[in-house]
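S.K.: Residue numbers (the numbering used here): 29 to 165. Beta carbons are placed, not taken as given, at the ideal position from N, Cα and C, and that holds for glycine. Starting off with a structure, shown below.
Next comes the structure, spelled out in structure tokens:
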């Protein structure tokens, strides 16, 4: 009788996973998921920074076309909407620094600012703590 009970216990043990094995697998999956979130988060920040640079370039081009037609620089974003091929849905403004017109985006997340700083020299933008700007002329 004892041998039969031990045999049943051994067979039952072999059929499934132990609680420790399941916990180890769950912990490994959690670590991998956390690593993927970190990688994906960095990618979205760079994508947002690239979009901002693209939008600034589009606004610059529209401002140059406006200047060619009107012989003056636009004073606000609404002035150049007719020259845009798509809607820009963020906080962009036209400002003047040192007598030069700039298109500017404000209220940018700090992580995106870091990515914009990495791209600043190659893209021709200037970046401060909360904004990115591109000289029009």
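Spatial neighbours of residue 123 within its chain, please: CB distance less than 6 Å, with the 5 preceding and 5 following residues excluded, ordered by chain position.
M.R.: Result list for residue 123: 130 and 132, in chain order.
S.K.: Indicate whether residue 164 and residue 92 have their beta-carbon atoms separated by less than 8 Å.
M.R.: Going by C-beta atoms, residue 164 is nearer than 8 Å to residue 92.
S.K.: Just mark residue 155 as buried or exposed, buried being the case when its beta carbon has 16 or more other beta carbons within 10 Å.
M.R.: It counts as buried.
S.K.: Suppose you measure from the CA of residue 116 to the CA of residue 80; what does that come to, to the nearest Å?
M.R.: If I take the Cα positions, the gap works out to 10 Å.
S.K.: Given a threshold of 16 other Cβ atoms within 10 Å of its Cβ, counted over all protein chains shown, does residue 140 qualify as buried or as exposed?
M.R.: Looking at its Cβ environment, which holds 16 or more other Cβ atoms inside 10 Å, residue 140 is buried.
S.K.: Please return the same chain residues whose Cβ sits closer than 7 Å to the Cβ of residue 88, not counting the five positions on each side in sequence.
M.R.: So the list reads 131, 162 and 164, once near-sequence residues are dropped.
S.K.: Determine whether the beta carbon atoms of residue 73 and residue 143 lie at a separation below 8 Å.
M.R.: Taking 8 Å as the Cβ cut-off, residue 73 and residue 143 qualify as a contacting pair.
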